[in-house]
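First comes the structure, then the notes that go with it.
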Amino acid sequence: MTHHRLLQGALFGLLLAACASPDESGPSTPSLSPDGLSNQEGPAAAHQNDPERSRHDRLARRVARALRDSDFRQAVFQEIATSGFAEKKVHLQAFMAKDGGRSRRRMAELAGDADQAVQADLDQGPAIEMYFPVASHRQQWAGGSNLVVATAERDGESPVAYDLQGRRFQLSPTTPPTGPVLMVERAELRFDRGPAAIGECIIDCGGGTGGGTGAGGTTTPGVYMTAAKFSGTFESWFKGNPEFEVHVLGQAGTTNTMTTHQCAGERALGANHFDQNSTSWTGSVLLFSSAQFDQYRAQHPGQNLRVFVVEDDDTACEIKIDSTRTSNLFKAVKAVYGDWTGAHDTTTASGIRLVKTAPNLLTFIKAILSWFKTNDDPVGNAVEDPIQAGAILTGANWVVKGESATTNGAIKLEYR
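Just so you know, the numbering used here puts 373 at position 392 of the sequence shown, and the rest follows in order with no gaps.
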């Protein structure tokens, strides 16, 4: 029995040595626990009926095995280091197509796959991004072999990871390992818009001014958010920085549903742009201009608005979420505040315009539930409550209530 075990161990050692690159003793695996070698030759059985998962799984394993080669690692390192996109993201398809597909062919060779198979996986799926979602991992990796490559389809699930020998691991969905993790996953970023896409307007952006200032540098009149604090990022570590968005929801046409009339977030233009990458933020972002308030009242008499915060996981400034889920959220908040869960602007006797709480009876939104991509996370409905909001964030006057009326944060709104 002892002789048998020694022989088995020796054969396993030879197998690992054969998988290592000729000039390296093999990469170190950063704080991971293997889920068994039975899956090392391909995707998990659960992935085989999901073409998109299977493609990403195959590509992640190929990238990992190719990274055994120091020249390929250096090429990846340079591509990430020189990326002009947020979080140093790299568009995998574009990288693989450079120089007539040189990196693609080399990856296929190093991974032991046919170039045609790699090309098919790159062509048949949506855009794929490759990057280190954890900032400390980006700083830590200097092109060495101390990394793993991982992939995941949905926020909150356990990522699948490969070390540079192609062995398969399961990562925690809540806590990243200490060593660098390079993610290969469906792109959240719109690479086709270029690195400067942050300044692009997604929808009507600010009452016709196209930005935060008018002639002479005057501020566009309207409601501004100047501070925000949330109870969490509402995003798994492997999804990178959170993409908080504030949607001003109002009646969709003459229906009993709501739609986004203005979005403020990372992908909005000018005064509607803000980029919150942690639980707290201060600055100045226009949520809804005076001109937009006037226009909305004219088009939707008797209807008020909602200020709704989401963590966006898909297309920027488009809510991808189950409408029933948000309806239940609005109803839970109504149980606490009655119908006064909306917002409108009002003018005092002295002519000062303010944003104040208002009744809103609409509880459904026109949103698309994504069955193939990660859905957005609802942070909550903002309700004017200076006492509770101020206890969370000094000076805040609107509290953000999430599902089951849970308090998820507070924001400060000012009319300027």
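Backbone N, C-alpha and C fix where the C-beta goes; we use that ideal spot for every residue, glycine too.
Keep in mind that this is a model prediction, so the values were computed, not measured.
Go to H37, then tell me how far its alpha helix (DSSP H) extends in each direction, as first and last residue. By 1-based counting over the sequence shown, the position of residue 37 is 56. Start and end: P32 to A47.
Counting only the same chain and skipping the five closest in sequence on each side, list residues whose C-beta sits under 7 Å from that of P367. Here residue 367 refers to the residue found at position 386 of the sequence shown. The beta carbon of P367 sits closer than 7 Å to those of N378, all from its chain and outside the five residues before and after it, given in chain order.
Out of Q74, R87 and G65, point me to the one whose CA is closest to Q55's CA. For the purposes of this step, residue 55 is taken as the residue at position 74 of the sequence shown. Comparing Cα-Cα distances from Q55 to each of Q74, R87 and G65, the minimum goes to R87.
Burial state of K312, where buried means 16 or more other Cβ atoms lie within 10 Å: Indexing the sequence shown from 1 puts residue 312 at position 331. K312 should be labelled exposed.
Please classify I333 as buried or exposed, where buried requires at least 16 other C-beta atoms within 10 Å of its C-beta. For this step, residue 333 is matched to residue 352 along the sequence shown. That one is exposed.
With a Cβ-Cβ cutoff of 8 Å, do A363 and V290 count as a contact? In the sequence shown, residue 363 corresponds to position 382, counting from 1. In the sequence shown, residue 290 corresponds to position 309, counting from 1. Result yes, Cβ atoms of A363 and V290 sit closer than 8 Å.
Which ranges does the alpha helix (DSSP H) cover as unbroken runs of at least 4 residues, wholly within the region 242 to 291, from first to last along the chain? 271 to 280
Look up D173 in the DSSP assignment and say whether it is helix, strand or coil. Translated into positions along the sequence shown, residue 173 becomes position 192. Of the three classes helix, strand and coil, the one that applies to D173 here is helix, per DSSP.
Assuming contact is defined by CB atoms lying nearer than 8 Å, are I109 and A47 in contact in what I supplied? Here residue 109 refers to the residue found at position 128 of the sequence shown. Here residue 47 refers to the residue found at position 66 of the sequence shown. By the CB criterion at 8 Å, I109 and A47 fall outside the cutoff.
Rounded to the nearest angstrom, what separates F274 and K347 at their Cα positions? To locate residue 274, count along the sequence shown from 1; it is residue 293. To locate residue 347, count along the sequence shown from 1; it is residue 366. If you take the alpha carbons of F274 and K347, they lie about 20 Å apart.
Give the DSSP bridge partners of N362, in chain order. Working through the sequence shown from its first residue, we reach residue 362 at position 381. Looking at the DSSP assignment, N362 forms a beta bridge with F289 and K382.
Is the region 88 to 99 touching the region 126 to 134 in the sense that three or more CB pairs, one from each, lie closer than 8 Å? As far as the Cβ criterion goes, the region 126 to 134 does not touch the region 88 to 99, which means the pair count is below three.
Taking K393 as the reference, give the member of T240, A208 and K220 with the closest Cα. As a first step, residue 393 is located in the sequence shown; it is residue number 412 there, counting from the start. The shortest C-alpha separation from K393 is found at A208.
Unbroken alpha helix (DSSP H) run spanning A316, endpoints: Within the sequence shown, residue 316 is the residue found at index 335, counting from 1. From DSSP, the alpha helix (DSSP H) with A316 extends over S304 to Y318.
Buried or exposed: where does W352 fall if 16 or more other Cβ atoms within 10 Å of its Cβ makes it buried? Position 371 of the sequence shown, counted from the start, is the residue given in the question as residue 352. Note that W352 scores a pLDDT of 47, beneath 50, so its modelled location is shaky; the value from the coordinates is reported in the next line. By the 10 Å Cβ count, W352 comes out exposed.
Where do the ends of the alpha helix (DSSP H) carrying E395 lie? Here residue 395 refers to the residue found at position 414 of the sequence shown. No alpha helix (DSSP H) contains E395, which is instead part of the beta strand (DSSP E) from T388 to Y396.
If we ignore side chains and look at the alpha-carbon of each, how far apart do E138 and R306 end up? As a first step, residue 138 must be located in the sequence shown, where it is residue number 157. As a first step, residue 306 must be located in the sequence shown, where it is residue number 325. When rounded, the distance between both Cα atoms is 20 Å.
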